[in-house]
Every structure is written in C-alpha cells, then in structure tokens.
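Visitor: Protein chains in written order, with my numbering: chain A, 5 to 190; chain B, 5 to 401.
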Amino acid sequence: MIEIRFHGRGGQGAVTASEFLARAAFLEGNDVQSFPMYGVERRGAPVTAFTRIDSKAVRNKAQIHEPDIVIVMDMALLDAVDVTAGIKPDGKVILNTEKAPDDIDLGVDNPIYTVDASSIAVEHRLGSKVAPIVNTAILGAIVRATGVVDINTLVDVVRNNAPAKKEENAKATKQAYEEVRGEELE
Amino acid sequence: MSEMKIVSGNFAAAYGAKLSRVEVVAAYPITPQTEVVEKIAELVAEGEMDSEYIKVESEHSAMAACIAASNAGARAYTASSAHGLALMHELLIWASGARLPVVMTNINRAMGPPWSVWADHHDTLAQKGTGQLQFFCESNQEVLDSVIMAYKICEDEDIMLPAMVVEDAFILSHTKEPVEIYDQELVDEFLPSYDPDYKLDVDQPLGFGSLGMPDWYMDFRYKIAEAFEKAPDKIMEVNKEFEEVFGRDPGGLIEKYKTDGVDVLIVTMGSISSTSKDVIDELREEGHNVGLARLRTFRPFPVEEFRKLTKGVNVVGVMDRSYTFGHGGDAAREIKDALYGHRDVILKDYIVGLGGRDLTPKILKNVMLDAISLQDKGLDKEIEWVDLKINQERWRR
C-alpha cells in the first residue's frame with residue numbers, strides 16, 4: 005500500500021491531483037482511493053487530499069496519518085501546517101519551490117525533492133501569475149521522484165481528464181518530470 | 005457494456021438512479037449531498053437520463069413531490085442529508101403510510117449544533133420509526149447497487165414501502181474509488197418498470213390519503229407491520245437474484261466477515277466496516293478468535309439473524325456512530341432487544357466517530373481488543389465513549 009498526502013490551497017487543484025494519480029494507478033491495475041479532507045472550503049484556504057494505491061483491495065477508509073509521500077503545493081503552508089506529521093521514516097517529500105533540495109530544512113531526515121511547479125504552470129498559462137494551478141505540474145514531479153506510476157500513463161490521464169487546456173496540462177506534467185531535483189530520481 | 009469508473013459515492017448514487025430509470029427526481033441541495041442532485045441535473049440536461057427533474061424550495065417539498073409522482077405511478081427518487089432529512093420527517097411517514105416505494109439516498113451527516121457536515125448516523129437513525137427500509141452502505145459500489153436493489157424490493161406487491169440507501173458523509177460521498185457502472189440492458193433485465201395496481205388515473209378516479217376512522221386506522225398500520233415482517237425474506241431473495249445477475253453480493257441483511265465459530269463478534273455499520281475488516285484480519289493473525297458482522301439493513305432489523313449469529317459467542321462489541329440521548333447507541337440497543345431471552349452474552353456498546361471524528365485502524369483495534377478483554381474480566385461498563393479528548397491517550401496508543 006502506498007499512501008500519499010497532498011497539502012495545497014483551495015484553487016491549486018490538490019483534490020484533482022489526488023484523483024488523477026489514483027486514475028493512473030488504477031489504469032496500471034491497482035485498487036485506488038482518492039479523497040479530500042473537507043473543511044468548509046474556500047479559495048486560498050489550506051486543503052488536504054489523499055491517495056491510496058495498492059495491488060490488493062484498499063479497505064482502509066480512515067484519513068492518512070502515516071504517509072509514504074507528502075506533497076506541498078505552496079511553501080507558505082509550512083508556517084501553518086505540520087506537513088511532515090507522521091511521515092514514514094523512508095517517506096519522500098515533494099515541494100513546489102524554486103529552491104534546491106539542499107536549501108530546504110523541514111526538520112526531518114526524509115529525502116526532499118523540489119520543482120518550480122508555479123513557474124511551469126505560468127509558462128503553460130495554467131491559472132494566473134498570482135494564482136497558478138500547479139497540480140498537473142506537481143504530478144510529473146511526484147512520478148519522477150517516486151516511480152509510483154509510469155509517466156506515460158499519467159500524461160494520458162492528465163490529457164484525457166483535464167477540464168480545459170488539455171495539451172498545456174500534459175506538457176506541464178512532462179516538464180516537471182524533467183525538471184524535478186533531488187537524489188535518486190526514477 | 006459495463007464499465008469501471010472512478011467515482012464518488014455521490015456519483016454512484018446518481019448513476020444508481022439513472023440505471024434504475026427513475027422517472028421523477030425532486031430534490032433540494034445540502035452539503036454533502038449536493039453532488040448527487042447536481043450530477044442528476046447534468047444527466048437530465050444532457051439527455052442521458054429521461055427524468056422529470058423538479059426543482060423545489062425545501063426537502064419537505066422534495067419528498068411531497070416524490071409522493072405525488074409515486075402516487076401517479078412514476079418511479080421517484082430524492083436525496084438529502086442531516087437537517088434536510090429532518091425537515092422531511094413528516095413526509096417520510098406519509099410515504100410509508102401511503103405505501104409508496106420512493107427511494108432516497110441520505111448522506112449520513114451529524115446534526116447541529118454545533119454545525120457539522122461530517123459523518124454520523126444520527127440523522128438517519130432518528131428516522132428509523134418512519135416506516136422506511138434502511139440500507140447502510142460500506143462502499144461506493146454498494147451505494148449504486150443498493151439504489152437499484154431498493155426499487156426492486158420496495159416495489160414488490162408484498163412490500164410497497166419507501167427506502168433510504170445511506171452512505172457516510174465524505175468518507176463515501178466525496179471519496180473516489182472504482183465502481184462498476186452496469187450496462188443498462190443488464191439493469192433492465194433485473195428491474196422491470198414500475199406498474200402499481202393503484203395509482204392516480206383520471207379514467208379510473210380513486211381517493212388517496214383519505215380519513216382513516218378509528219375502526220380502520222389500526223388495520224392499515226397492521227398491514228405495514230406485516231409488510232415489514234415479509235421484508236427480510238424479500239431482501240434476501242432480491243440479494244440472491246442481484247448476485248446472479250451482477251456477480252456481486254451487496255451484503256443482504258448482515259454481511260458476515262469471518263464469523264464462523266468466533267468467541268468475539270464485532271458489529272459495525274457503514275464505512276468503518278471496511279477499515280474494520282483489515283483490523284479483524286490483523287487480530288486473527290495474532291491469534292484472537294474474532295469476526296465482524298456488518299449490519300447493512302437497519303430496517304427491518306435482522307432480529308433472527310442476530311440470534312443465529314451470536315450462538316456460542318462470548319462477547320458482542322457494537323460500534324455505534326450515533327447516540328440517542330437518554331438511551332445509548334442505536335445498534336447496540338436493538339441487538340440487545342433481539343437477544344433478550346435467547347442469548348446469555350456480554351454486550352458492550354462503543355460510541356465512536358461522531359461528527360466525522362476519524363476512526364483509524366489503531367482506534368478500531370483498541371476497541372476490538374477491549375471487547376476481547378471482556379471475556380476474562382467481564383463487562384466493565386455498558387456504554388463506552390471512544391476517543392474523547394479526555395480518553396484519547398487510551399484509544400490512540
């Protein structure tokens with residue numbers, strides 16, 4: 005079982021990212037589950053979303069408290085949310101930032117990966133400069149850092165399911181896959 | 005062709021209504037049910053679903069419209085949640101009294117105050133006496149399956165009652181998982197069109213909802229009681245038929261998970277049952293003789309099945325995601341009722357997860373271990389509130 009936790013803000017597409025990743029894993033023959041932790045949502049507020057992937061039936065319906073992979077879509081969340089809470093000892097953290105992994109200190113020993121998903125999203129005109137929709141870019145980075153699904157499966161899912169700008173979203177996914185930084189990339 | 009789709013519990017409910025060829029939908033939106041009626045509105049607008057979609061100003065009117073539609077011989081559907089369901093209360097009783105097989109989906113949500121939009125069974129169980137059949141679902145697939153099955157059961161001439169198919173807020177309603185969306189022809193084969201013996205018809209005028217004088221009223225109520233007595237067999241019959249057609253057993257009255265010859269029987273309802281199965285497997289590997297009964301049909305209450313299931317059992321641990329003030333958890337109370345005079349067994353009621361408090365495998369395991377420990381130490385208390393702020397350390401360790 006692979007458990008993934010997304011931290012984002014309302015409008016960044018964290019819930020959709022968790023769903024696209026589940027769809028890709030399902031196409032590769034896994035059982036999957038994708039769900040948000042809902043508060044009373046509004047644009048800009050912290051959002052948490054989850055994905056579970058397993059070759060066996062996924063029966064656990066609790067929230068994910070001990071993730072294998074943590075995604076941070078907005079660095080400002082680090083001041084508000086304990087993003088690494090409960091992360092497994094070998095769990096990986098993927099952050100949306102222009103910084104290099106070595107310049108990030110999360111207070112944990114887990115491997116860190118970074119990608120400038122905001123710039124990639126802006127480049128492909130996904131969202132606006134102030135509020136880029138970074139979800140499809142961050143997905144490409146997740147795949148390169150973790151190998152949780154094949155990049156081609158994911159790009160197909162993005163292209164087939166993005167509600168608008170299908171090609172731009174698919175390109176953002178591929179570009180982030182190439183540009184993510186960190187050790188032992190898949 | 006049947007197709008696997010990744011959908012939420014809410015979309016599964018909407019597809020269930022579509023595949024059931026529901027003719028009239030009347031609903032009012034409320035969190036977390038809104039997506040059900042949004043999806044149906046979309047399917048109707050796009051011409052994928054051939055239904056009359058009636059926009060109403062309240063849940064009370066939604067059920068009133070469904071009652072009228074059903075009286076006119078149409079298959080009717082609605083969906084609601086919590087406060088919306090409470091507002092519908094009067095009409096829920098009317099639908100059963102009028103013997104109308106209206107099927108609704110309720111998204112189990114806590115009642116305020118304090119305001120909560122999260123999972124809790126109190127809203128549904130507060131309606132347990134309204135004459136609705138009540139099916140608690142464990143997965144999104146079961147939501148879809150149960151809507152289709154509910155029409156088949158409810159429209160049977162021996163039953164003719166309304167039903168609630170219920171799913172937990174967010175844990176099912178907004179969680180996406182693989183669901184098989186059946187081929188329409190397959191569903192048509194299973195579920196014939198609705199054709200009641202008596203309906204509103206200008207060519208053959210009949211009176212509906214008339215006065216029941218004291219020398220008649222009681223007999224009408226008795227007829228409803230009789231229908232409820234017949235319902236368990238009908239549910240099992242339809243369950244079997246469903247399995248034959250679709251290759252899937254939705255769980256009948258009680259789903260029995262590794263219950264053969266167990267010393268300790270755990271009882272759950274709704275989405276925590278799924279997580280609990282993982283925990284049961286873990287405990288069995290550790291050598292505990294424990295199994296899980298998932299109470300799927302709350303109305304009619306499966307009295308006989310509980311008597312059979314508890315034969316030779318030492319402890320019954322019931323997890324209730326609801327609490328009726330002044331009395332206790334609903335499932336535990338009713339199971340005690342069923343076992344009175346039949347079984348000498350320790351029964352403990354665990355109040356869990358109210359208002360969407362997360363139920364992790366760890367907490368569920370601690371509850372089950374507590375139930376197992378009663379075999380040696382005996383019953384310590386009848387009702388235990390689990391994972392309160394004052395006792396969290398004990399249940400989360």
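We treat Cβ as the ideally placed atom computed from N, Cα and C, and that holds for glycine.
Give every residue of the same chain whose Cβ lies closer than 6 Å to the Cβ of I276 of chain B, excluding the five residues on either side of it in the sequence, and list them in chain order.
Guide: Against the second sequence, residue 276 of chain B aligns to sequence position 272. If we look at I276 of chain B and ignore the five residues flanking it on each side, its Cβ neighbours are L363.
Visitor: Hey, quick one: how far does the alpha helix (DSSP H) through H178 of chain B stretch, first residue to last?
Guide: Locating residue 178 of chain B in the second sequence gives position 174, counting from the first residue. Neither: H178 of chain B is in no alpha helix (DSSP H) and is coded neither H nor E.
Visitor: Nearest CA to the CA of D86 of chain A: which residue from A:V184, A:K169, A:N173 and A:H11?
Guide: Here the question's residue 86 of chain A lines up with position 82 in the first sequence. Residue A:H11 is the option with its Cα nearest to D86 of chain A.
Visitor: Note down, in chain order, each residue of its chain lying with its Cβ closer than 6 Å to the Cβ of V268 of chain B, except the 5 sequence neighbours on either side.
Guide: In the second sequence, counting from the first residue as 1, residue 268 of chain B sits at position 264. Correct list, in chain order: V294, V319, A375 and I376.
Visitor: Assuming contact is defined by CB atoms lying nearer than 8 Å, are M273 of chain B and A335 of chain B in contact in what I supplied?
Guide: Reading the second sequence from its first residue, position 269 is the one you call residue 273 of chain B. Reading the second sequence from its first residue, position 331 is the one you call residue 335 of chain B. Their beta carbons are under 8 Å apart, which means M273 of chain B touches A335 of chain B by this criterion.
Visitor: Would I116 of chain A pass as a contact of P105 of chain A if the rule is Cβ separation under 8 Å?
Guide: Reading the first sequence from its first residue, position 112 is the one you call residue 116 of chain A. Reading the first sequence from its first residue, position 101 is the one you call residue 105 of chain A. The answer is yes: Cβ separation under 8 Å.
Visitor: Leaving aside the five residues before and after F194 of chain B along the sequence, list all residues of the same chain whose C-beta is less than 8 Å from its C-beta, in chain order.
Guide: Position 190 of the second sequence, counting from 1, holds the residue named residue 194 of chain B. Closer than 8 Å at the Cβ level, and outside the excluded window around F194 of chain B, lie I152, K156, E245, F246, V249 and F250.
Visitor: I'd like the span of the beta strand (DSSP E) that includes D53 of chain A, first residue to last.
Guide: Numbered from its first residue, the first sequence carries residue 53 of chain A at position 49. Looking at the sequence itself, residue 53 of chain A is Ala, so the reference to Asp does not match. Start and end: P50 to D58.
Visitor: Since I believe D187 of chain B is in contact with M323 of chain B (beta carbons under 8 Å), could you give me their beta-carbon distance rounded to a whole number of angstroms?
Guide: What you label residue 323 of chain B is simply residue 319 of the second sequence in a count that begins at 1. What you label residue 187 of chain B is simply residue 183 of the second sequence in a count that begins at 1. With 8 Å as the limit, M323 of chain B and D187 of chain B do not qualify as a contact, their Cβ atoms being about 37 Å apart.
Visitor: Under DSSP, the alpha helix (DSSP H) around W4 of chain B begins and ends at which residues?
Guide: Lying before the first or after the last residue shown, residue 4 of chain B is absent from chain B, which here runs from 5 to 401.
Visitor: Does K234 of chain B come within less than 8 Å of chain A when only Cβ atoms are used?
Guide: Locating residue 234 of chain B in the second sequence gives position 230, where the first residue counts as 1. No - not a single Cβ of chain A is within 8 Å of the one on K234 of chain B.
Visitor: Going along chain B, which residues have a C-beta under 9 Å from K92 of chain A?
Guide: Within the first sequence, residue 92 of chain A is the residue found at index 88, counting from 1. Neighbours of K92 of chain A on chain B: none; closest Cβ ~15 Å, over 9 Å.
Visitor: Which of the three DSSP states, helix, strand or coil, is assigned to H64 of chain B?
Guide: Reading the second sequence from its first residue, position 60 is the one you call residue 64 of chain B. H64 of chain B falls in the helix class under three-state DSSP.
Visitor: Using Cβ-Cβ distances below 7 Å, what residues of the segment 150-181 of chain B are close to chain A?
Guide: Those residues of the segment 150-181 of chain B that come within reach of chain A (Cβ to Cβ, closer than 7 Å) are F174, I175, H178, T179, K180 and E181.
Visitor: Whose C-alpha, out of B:P117, B:A76, B:M8 and B:I355, is nearest the C-alpha of F212 of chain B?
Guide: The residue given as residue 212 of chain B occupies position 208 in the second sequence. Measuring from the Cα of F212 of chain B, the nearest candidate turns out to be B:A76.
Visitor: What is the DSSP secondary structure of A121 of chain A, reduced to helix, strand or coil?
Guide: Here residue 121 of chain A refers to the residue found at position 117 when the first sequence is read from its first residue. Helix.
Visitor: Note down, in chain order, all residues in the segment 55-86 of chain A with a beta-carbon under 8 Å from any beta-carbon belonging to chain B.
Guide: Those would be V62, R63, N64, K65, A66, Q67 and H69, in chain order.
Visitor: Between the segment 271-284 of chain B and chain A, which residues of the former have a C-beta closer than 8 Å to a C-beta of the latter?
Guide: Listed in sequence order: S275, I276, S278, T279, K281 and D282.
Visitor: Please classify I394 of chain B as buried or exposed, where buried requires at least 16 neighbouring CB atoms within 10 angstroms.
Guide: Here the question's residue 394 of chain B lines up with position 390 in the second sequence. Label assigned to I394 of chain B: exposed.
Visitor: V74 of chain A and V97 of chain A - do their beta-carbons sit closer together than 8 Å?
Guide: For the purposes of this step, residue 97 of chain A is taken as residue 93 along the first sequence, with counting starting at 1. For the purposes of this step, residue 74 of chain A is taken as residue 70 along the first sequence, with counting starting at 1. For V97 of chain A and V74 of chain A, yes; Cβs fall inside 8 Å.
Visitor: Name, please, each residue of chain A whose Cβ falls closer than 8 Å to the Cβ of P365 of chain B.
Guide: As a working mapping, residue 365 of chain B is identified with position 361 in the second sequence. Simply N64 and A66.
Visitor: Measuring alpha carbon to alpha carbon, tell me which of B:Y354, B:S326 and B:A154 ends up nearest V191 of chain B.
Guide: Here the question's residue 191 of chain B lines up with position 187 in the second sequence. Checking every option, the nearest Cα to that of V191 of chain B belongs to B:A154.
Visitor: For F30 of chain A, return the contacting residues in chain B, with the cut-off set at a CB-CB distance below 7 Å.
Guide: As a working note, residue 30 of chain A is residue 26 in the first sequence. What F30 of chain A touches in chain B: I10 and P182.
Visitor: Name the two residues that bound the continuous alpha helix (DSSP H) containing G295 of chain B.
Guide: Counting from one through the second sequence, the residue named residue 295 of chain B turns up at place 291. Here G295 of chain B belongs to no alpha helix (DSSP H); instead the beta strand (DSSP E) covers V294 to L299.
Visitor: Relative to the C-alpha of D113 of chain A, which residue among A:N164, A:G95 and A:T150 is closest?
Guide: Counting from one through the first sequence, the residue named residue 113 of chain A turns up at place 109. The candidate whose alpha carbon is nearest that of D113 of chain A is A:G95.
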